[in-house]
Ligand code: SF4
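Numbering (this note's numbering), first residue to last: 337 to 999.
Written as structure tokens, this is what we have:
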């Protein structure tokens with residue numbers, strides 16, 4: 337019996353409590369395919385959110401290794417490929433003999449760094465259902481690779497690729513993996529539903545249309561079963577993402593919408609999808625609205641006709657604007673995507689796209705992307721010819737083109753921020769709850785630790801570092817407190833360095849709360865010792881911050897609110913470039929509270945607020961309703977009341993914090 341574990345790691349996130357939408361749909365289909373092909377010698381499982389969405393790097397390795405799988409199969413996407421391969425290498429050391437199989441959009445014949453990675457034994461190109469059984473058998477020594485089409489494997493001489501086309505998988509052979517419980521909706525009640533595979537369009541920066549031959553629909557009976565499940569009153573599903581690329585590309589989409597409408601009983605589930613706005617009619621929008629469409633993504637990309645043509649995109653910006661207007665009139669939120677750095681475009685062309693958007697209002701939210709020259713795409717294959725100078729590691733950003741200099745990307749992004757009043761590098765402060773009955777005193781009392789509060793005046797935290805480096809979550813908060821930072825600087829650096837060495841891909845919030853705070857030089861030293869500029873997360877911010885800059889670790893300074901703008905400005909002037917300063921509101925003082933600048937932390941308790949608490953929170957909400965996450969509370973009861981008031985979070989969507997206090 338071969339035991340195989342499918343692992344899909346989530347995109348990096350900054351708030352542990354908020355569950356990511358990480359649904360291993362592809363892995364679920366592979367397990368179904370193994371079951372229906374009668375692979376009796378295989379026991380397959382998909383790693384659940386209590387593991388993959390919870391633990392830090394080292395913790396994941398331990399949890400996976402404890403199950404002693406024979407084969408671990410990773411679903412590789414641009415946002416998780418580096419971390420997955422890091423884990424694969426650590427698993428090979430921890431479980432000698434384990435087989436590592438790779439699949440997903442990052443596995444393409446031209447993405448050599450993945451294929452050649454020493455931890456990877458074999459992989460599948462494109463949809464894997466038709467070949468997964470043969471690949472698992474070969475990797476686990478029960479069969480031979482022979483001539484399995486569309487796969488690669490390692491040999492002593494290097495990577496051996498079989499580029500033969502395996503032909504399309506018959507979608508009627510497997511049912512949706514939600515139906516037998518192989519996978520479930522994500523913790524925040526999101527369900528990904530794919531009703532077709534393939535895309536009729538041929539955008540040259542996209543891999544999706546290359547991975548699938550033509551457009552194939554799932555049998556209607558299967559889709560109806562999945563909808564019955566999602567729309568059952570007790571399903572817990574609140575958001576359905578229709579994953580079909582360009583949902584309205586085929587006329588069958590109206591048939592699907594009618595099936596949804598016939599099942600809809602309440603506001604939830606709400607729908608989200610990606611549309612071609614230029615193809616929409618008023619009748620289409622009526623149907624979408626009746627089906628509960630809450631938001632749509634529109635790929636405008638650019639209004640520059642030369643760039644559109646070079647990118648293989650048809651469509652008319654004017655028609656797109658009309659389609660977006662119809663959607664917005666129906667109350668549907670439209671996120672309009674634009675791409676920076678397309679061949680044929682220029683900084684002036686990008687500015688023209690921004691001006692066009694401002695003039696037409698063809699958006700609710702504008703989402704600028706720096707062009708990723710993705711493996712397997714036409715742009716990647718012809719990068720030199722198109723003048724695309726790009727990174728060969730995720731997110732594969734273009735660095736310069738014939739018409740964009742390196743420095744143009746930052747100024748274009750800043751222009752975008754200014755045009756649409758947005759902050760592209762906004763990171764919400766972490767939870768700052770630091771009290772309550774649930775605080776742990778011993779890491780052995782919890783299966784994981786999401787926040788470690790260390791009182792440096794009275795404890796020796798180094799003795800716990802090894803254990804915490806395995807029990808920590810991703811993201812993780814390390815909160816140091818004490819009198820004089822200077823006295824503890826060496827210990828703080830030892831802890832941060834030790835943790836980062838074990839967990840280079842884990843997001844860490846470093847909260848510092850000292851009577852005598854650190855010198856600014858500490859932050860440079862800490863970044864030098866701990867940061868990993870090559871990781872996906874840090875590289876994603878590079879166009880804004882510059883090469884080698886990092887956003888992880890995230891530094892937070894808790895500072896008593898001086899109540900005077902002049903003093904706050906001086907503190908921000910000193911620390912603003914290296915840390916987020918959070919103003920500590922220590923006293924129940926209505927006037928001071930309402931003048932509090934975000935981000936702030938409320939330190940008084942519900943007991944101190946007494947009967948005025950509700951009124952104080954309501955008044956605070958009036959001031960901070962646009963960004964309620966900028967107001968944090970130390971006391972869990974108050975944080976809960978605030979979350980209820982702001983309706984930002986639902987309890988079911990939260991991962992439970994586990995806080996260790998070392999004092
Ligand atoms: S970008 Fe979207 S529309 Fe274009 S080929 Fe890819 S999936 Fe299809």
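Note that the Cβ used here is the ideal one computed from N, Cα and C, for glycine as well.
Computed from a prediction, not measured in an experiment: that's the story for all the values here.
Straight-line gap, residue i to residue j (C-alpha atoms, nearest Å)
i: residue 990; j: residue 936; result: 22 Å
i: residue 427; j: residue 403; result: 12 Å
i: residue 314; j: residue 899; result: Only positions 337 to 999 of the chain appear in this structure, which leaves residue 314 out of reach.
i: residue 740; j: residue 718; result: 17 Å
i: residue 550; j: residue 675; result: 26 Å
i: residue 546; j: residue 745; result: 28 Å
i: residue 393; j: residue 415; result: 15 Å
i: residue 1002; j: residue 809; result: With the chain represented from 337 up to 999, any question about residue 1002 goes unanswered, as that position is not in the structure.
i: residue 945; j: residue 924; result: 6 Å
i: residue 733; j: residue 726; result: 6 Å
i: residue 839; j: residue 998; result: 21 Å
i: residue 664; j: residue 622; result: 12 Å
i: residue 577; j: residue 528; result: 5 Å
i: residue 845; j: residue 355; result: 17 Å
i: residue 993; j: residue 793; result: 25 Å
i: residue 882; j: residue 749; result: 12 Å
i: residue 877; j: residue 887; result: 7 Å
i: residue 324; j: residue 432; result: Nothing can be reported for residue 324, as the shown portion of the chain is limited to 337 through 999.
i: residue 559; j: residue 531; result: 7 Å
i: residue 747; j: residue 450; result: 33 Å
i: residue 383; j: residue 440; result: 16 Å
i: residue 456; j: residue 422; result: 11 Å
i: residue 949; j: residue 765; result: 23 Å
i: residue 904; j: residue 954; result: 25 Å
i: residue 789; j: residue 930; result: 28 Å
For residue i: DSSP bridge partner residues
i: residue 894; result: 918
i: residue 637; result: 674
i: residue 844; result: 812
i: residue 528; result: 577
i: residue 632; result: 609 and 670
i: residue 438; result: 410 and 459
i: residue 444; result: In DSSP, residue 444 forms no bridge with anything.
i: residue 338; result: 378
i: residue 533; result: 552
i: residue 343; result: 410
i: residue 990; result: 354
Helix, strand or coil at residue i according to DSSP, with G and I counted as helix
i: residue 806; result: helix
i: residue 877; result: coil
i: residue 415; result: coil
i: residue 858; result: helix
i: residue 608; result: strand
i: residue 390; result: coil
i: residue 661; result: helix
i: residue 872; result: helix
i: residue 900; result: coil
i: residue 395; result: helix
i: residue 365; result: helix
i: residue 686; result: helix
i: residue 943; result: helix
i: residue 559; result: helix
i: residue 923; result: coil
i: residue 818; result: strand
i: residue 865; result: helix
i: residue 552; result: strand
i: residue 996; result: strand
i: residue 827; result: helix
i: residue 1031; result: The structure shown does not extend to residue 1031, since the chain spans only 337 to 999, so no value can be given for it.
i: residue 936; result: strand
i: residue 883; result: coil
i: residue 837; result: helix
beta-carbon residue i near the ligand NAD non-hydrogen atom, thresh 8 Å
i: residue 411; result: For the structure depicted, the ligand NAD is absent and the ligand set comprises only the ligand SF4.
Would you mind listing the alpha helix (DSSP H) stretches within the segment 949-976 that are 4+ residues and don't spill past its ends, in chain order? If you keep only unbroken alpha helix (DSSP H) runs of at least 4 residues inside the segment 949-976, you get 949-960.
Mind pulling the alpha helix (DSSP H) runs of 4 or more residues that sit fully within the segment 449-523? 468-475
Which full runs of the beta strand (DSSP E) of 3+ residues lie inside the segment 692-755, going along the chain? Listed in chain order, they are 701-706 and 734-736.
Pull every residue with its beta-carbon under 5 Å away from any heavy atom of the ligand SF4, and keep them in chain order. Cβ-based neighbours of the ligand SF4 within the cut-off: 535, 537, 539, 542, 544, 545, 581 and 582.
Counting only runs that start and end within the segment 767-801, where is the beta strand (DSSP E) found for 3 or more residues in a row? 785-791
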